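Colleague: In mature numbering (1 follows the signal peptide of the UniProt record, and there is no 0), the protein residues as written are -29 to -1, 1 to 351.
Heads up, the beta-carbon is just placed ideally off N, CA and C, and yes, glycines get one too.
Keep in mind it's a predicted model, so treat the numbers as computed, not measured.
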Amino acid sequence: MLWNKRRNYRKALFLCVFLSLFLAGCTLNKETEQHTIKNHQKELEKEAIPPSFHEQEIMLPIQTESGQFNSLSGWLNNEEIVYITNVGLGSHVYTYNIFTGKDQLIFESESPVASVIASPSGKRLLVHTAPTSFEGIITIIDQNGKEIMSERMEAFDFAFEWNPYDEDQLLLSSFTESWDFSSYQMNLKDKKLIPMQLKEPFAGWKSKDELVYLDWGQEEALLFAPLKQRSIFSEQDKTILDKIYYMKAIKSLIMTITVPSDKINESAYTFLSSDLNKLADLNIPHLTRFSDWLIPYFDFDERDHFYTFAPLYSSEADTYAEGFQLLSLNIKDGEKTVVFENLENEPLSCSPNGSHCLYGFYFEKLINMDSKEIMPIIKE
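Set out below in structure tokens:
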């Protein structure tokens, strides 16, 4: 997961800082970083209509046609999900319609598929295959499997960020085993990989040609960092917010997390428009770890709803065992709703209209947000 990459990157940086400060007789702390089907039930004429029409019957579990189930990757649209199977030493990638039960093979690889990331519109997919531990192939395909661009790169791991304002662009960062990084702009229209000089490997898109990122610096171990923005055409940056712990940018929205000085047991989530006007906020108890705070898994839908897990009270992450609430926040009006009680904090991916969410470390479960039913996606 991307958060784990951020944590590993921060840990490596922390180790270097810690050792140098230890030799000088000082100690510092290091911070690490950790995403409805609308029931359009119209009045129909008095005809015999199958119950499944109104209920939007879910066709699960998936019956894999070949290979062994590996994981699900997310949503293409309100009906179709993407999943990966292991076939020999390689992988297959399928789309699956949860209402019709139809699946389609869209990608085959003789090497393992490490991840599949759909573009915000669902019209394109990034497929990362790993021929060796220190090499990756990044392939962009359309929703039917037609190849758009492919690049083979030497790297231990990668981080990707689709440009939601222009899906002909992606931000790509490659990592060595020691977490040194190089960043690139992947231009699909021109089929070019353009090197970029970035201070940090993890950034989001503020507009079609602007990035935002947290500038952690290279010489100090900090818990908070300034949020900066820069153009992809320039190396000059500008500070837009201070003392931020975590940042996530999606289309027309930037979410920041910090810890208020007067409420040290809470995480303060702030939701801003892309021009930095405040839209909503949310405070939840947080769980502490050795050098930072746990960020529960979260996601957004296209109806301006934010979903996240929240502990019942502040505690240490290693000892907390009371379960999590699944919260929904309407960013437009600030209304907060408890959707579920007593769930585990596991990865979450919600359909664009928010009616269903994939849930679990392999996205192996489906949550119906209306009926509150949780069902397995893959037959055990």
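Is it buried or exposed, Gly72, if we count other Cβ atoms within 10 angstroms and call 16 or more buried?
Modeller: Reading the sequence shown from its first residue, position 101 is the one you call residue 72. An exposed status is given to Gly72, since fewer than 16 other beta-carbon atoms sit within 10 Å of its beta-carbon.
Colleague: Scan the segment 188 to 269 and note each continuous beta strand (DSSP E) run of 3 residues or more that stays entirely inside, going in chain order.
Modeller: 196 to 202, 208 to 215, 217 to 221, 224 to 229, 237 to 244 and 249 to 256
Colleague: Please classify Phe332 as buried or exposed, where buried requires at least 16 other C-beta atoms within 10 Å of its C-beta.
Modeller: Here residue 332 is taken as the residue at index 361 of the sequence shown, counted from 1. Under this definition Phe332 is an exposed residue.
Colleague: What's the call for Phe204, buried or exposed, on a 16-neighbour Cβ count within 10 Å?
Modeller: Numbered from its first residue, the sequence shown carries residue 204 at position 233. Answer is exposed; the Cβ neighbour count stays below 16.
Colleague: Ordered along the chain, which non-local residues of its own chain (more than five positions away) have a Cβ less than 6 Å from that of Leu253?
Modeller: Taking the first residue of the sequence shown as position 1, residue 253 is located at position 282. Within the same chain, Leu253 has close Cβ partners Tyr240 and Leu300.
Colleague: Short of 8 Å in beta carbon distance, which residues of its chain neighbour Trp46, apart from the five on each side in sequence? Order them along the chain.
Modeller: For the purposes of this step, residue 46 is identified with residue 75 of the sequence shown, where counting begins at 1. Excluding positions up to five away in sequence, the list reads Ile52, Val53, Ala89, Gly93, Ser320, Cys321, Ser322, Pro323 and Leu329.
Colleague: For the beta strand (DSSP E) containing Arg274, name the first residue and the last one.
Modeller: Translated into the one-based positions of the sequence shown, residue 274 becomes position 303. Neither: Arg274 is in no beta strand (DSSP E) and is coded neither H nor E.
Colleague: So, using beta-carbon positions, are Glu125 and Ile108 closer together than 9 Å?
Modeller: Looking up residue 125 in the sequence shown gives position 154. Looking up residue 108 in the sequence shown gives position 137. No. Outside cutoff.
Colleague: For Gly(-5), count neighbouring Cβ atoms within 10 angstroms of its own Cβ and tell me buried if that reaches 16, exposed if not.
Modeller: Mapped onto the sequence shown, residue -5 falls at position 25. Residue placement at Gly(-5) cannot be trusted, given a pLDDT of 41 that sits under 50; what the coordinates show is reported in the next sentence. It is exposed - the Cβ of Gly(-5) has fewer than 16 other Cβ atoms within 10 Å.
Colleague: Which residues does DSSP pair with Trp46 in a beta bridge?
Modeller: Along the sequence shown, one-based indexing puts residue 46 at 75. Paired residues: Ile52.
Colleague: Classify Pro135: buried if its beta carbon has 16 or more other beta carbons within 10 angstroms, exposed otherwise.
Modeller: On the sequence shown, residue 135 is found 164 positions in, with the first residue counted as 1. Pro135 should be labelled buried.
Colleague: Could you say if the segment 29 to 42 and the segment 65 to 79 meet the contact criterion of at least three C-beta pairs nearer than 8 Å?
Modeller: Inter-segment contact for the segment 29 to 42 and the segment 65 to 79 is present: three or more beta-carbon pairs are separated by less than 8 Å.
Colleague: For Ala281, which of helix, strand or coil comes out of DSSP?
Modeller: Within the sequence shown, residue 281 is the residue found at index 310, counting from 1. Ala281: strand per DSSP, three-state reduction.
Colleague: Sorry if obvious, but does the Cβ on Pro166 come closer than 8 Å to a heavy atom of the ligand ATP?
Modeller: Among the components of this structure there are no ligands whatsoever, and the ligand ATP is therefore not found.
Colleague: From which residue to which residue does the beta strand (DSSP E) around Ser154 run?
Modeller: Translated into the one-based positions of the sequence shown, residue 154 becomes position 183. Start and end: Phe152 to Asn158.
Colleague: Would you call Asp213 buried or exposed, if buried means 16 or more other Cβ atoms sit within 10 Å of its Cβ?
Modeller: Within the sequence shown, residue 213 is the residue found at index 242, counting from 1. That one is exposed.
Colleague: Return helix, strand or coil for Asn324, following the three-state DSSP convention.
Modeller: Mapped onto the sequence shown, residue 324 falls at position 353. If DSSP states are grouped into helix, strand and coil, Asn324 belongs with coil.
Colleague: Would you list the one or two residues that DSSP bridges to Glu27?
Modeller: Position 56 of the sequence shown, counted from the first residue, corresponds to residue 27. The residue you asked about is not Glu; residue 27 is Gln in the sequence shown. Note: Gln27 sits in no beta bridge, so no partner.
Colleague: Measuring alpha carbon to alpha carbon, tell me which of Asn48, Ile55, Leu198 and Gly294 ends up nearest Glu335.
Modeller: Position 364 of the sequence shown, counted from the first residue, corresponds to residue 335. For the set Asn48, Ile55, Leu198 and Gly294, the Cα lying nearest the Cα of Glu335 is the one of Ile55.
Colleague: Grouping DSSP H, G and I as helix and E and B as strand, with all else coil, what is Gln75?
Modeller: As a first step, residue 75 must be located in the sequence shown, where it is residue number 104. Strand, per DSSP.
Colleague: Name the DSSP beta bridge partners of Ile112, please?
Modeller: Within the sequence shown, numbered from 1, the residue matching residue 112 stands at position 141. Partner(s): Leu96 and Glu118.
Colleague: Using DSSP with H/G/I as helix, E/B as strand and the rest coil, what is Glu16?
Modeller: On the sequence shown, residue 16 is found 45 positions in, with the first residue counted as 1. For Glu16, the pLDDT reaches just 33, beneath the cut-off of 50, and the residue's location in the model is therefore unreliable, leaving the point undetermined.
Colleague: Specify whether the segment 301 to 314 and the segment 254 to 264 touch according to this definition: at least 3 beta carbon pairs, one from each stretch, less than 8 Å apart.
Modeller: no
Colleague: Does the separation of the CB atoms of Phe173 and Ser149 fall below 9 Å?
Modeller: Here residue 173 refers to the residue found at position 202 of the sequence shown. Here residue 149 refers to the residue found at position 178 of the sequence shown. Going by C-beta atoms, Phe173 is not nearer than 9 Å to Ser149.
Colleague: Around the C-beta of Pro21, are 16 or more other C-beta atoms found within 10 angstroms, so that it is buried, or is it exposed?
Modeller: For the purposes of this step, residue 21 is identified with residue 50 of the sequence shown, where counting begins at 1. The predicted model places Pro21 with a pLDDT of 38, which falls under 50 and marks its position as unreliable; any figure quoted below should be read in that light. Classification for Pro21: exposed.
Colleague: Since Leu142 contacts Ile348 with CB under 8 Å, what's their CB separation in whole angstroms?
Modeller: Residue numbering aside, residue 142 sits at position 171 when the sequence shown is read from its first letter. Residue numbering aside, residue 348 sits at position 377 when the sequence shown is read from its first letter. About 30 Å; that fails the 8 Å criterion.
Colleague: Let me confirm a value: Leu60 is counted as buried when at least 16 other C-beta atoms fall within 10 Å, else exposed. Which label applies?
Modeller: Looking up residue 60 in the sequence shown gives position 89. So Leu60 counts as exposed.
Colleague: Where does Ile105 land, buried or exposed, given buried means 16+ other C-beta within 10 angstroms?
Modeller: In the sequence shown, residue 105 corresponds to position 134, counting from 1. First, the amino acid is wrong: residue 105 is Phe here, not Ile. It is exposed - the Cβ of Phe105 has fewer than 16 other Cβ atoms within 10 Å.
Colleague: Cutting at 7 Å between CB atoms, please list the residues of its own chain near Asn316, excluding the five before and the five after it.
Modeller: As a working note, residue 316 is residue 345 in the sequence shown. Excluding sequence neighbours, Asn316 sits near Pro267, Tyr268, Phe280 and Phe295.
Colleague: Starting from Gln296, follow the beta strand (DSSP E) in both directions and report where the run begins and ends.
Modeller: By 1-based counting over the sequence shown, the position of residue 296 is 325. Segment Phe295 to Asn301, the beta strand (DSSP E) holding Gln296.
Colleague: In whole angstroms, give me the CA-to-CA distance for Met167 and Val87.
Modeller: The sequence position of residue 167 within the sequence shown is 196, counting from 1. The sequence position of residue 87 within the sequence shown is 116, counting from 1. In a straight line, the C-alpha of Met167 is about 23 Å away from that of Val87.
Colleague: Are the beta-carbon atoms of Pro91 and Glu50 separated by less than 9 Å?
Modeller: Your numbering for residue 91 matches position 120 in the sequence shown. Your numbering for residue 50 matches position 79 in the sequence shown. It is not a contact, given that the beta carbons lie outside the stated cut-off.
Colleague: Kindly indicate which three-state DSSP category residue 354 falls into: helix, strand or coil?
Modeller: There is no way to answer for residue 354, as the model of the chain reaches only from -29 to 351.
Colleague: Please classify Met167: does DSSP put it in a helix, a strand, or coil?
Modeller: Within the sequence shown, numbered from 1, the residue matching residue 167 stands at position 196. Met167 falls in the strand class under three-state DSSP.
Colleague: Who does Val64 pair with in a DSSP beta bridge?
Modeller: The residue given as residue 64 occupies position 93 in the sequence shown. DSSP output for Val64 lists Ile55 and Phe78 as bridge partner(s).
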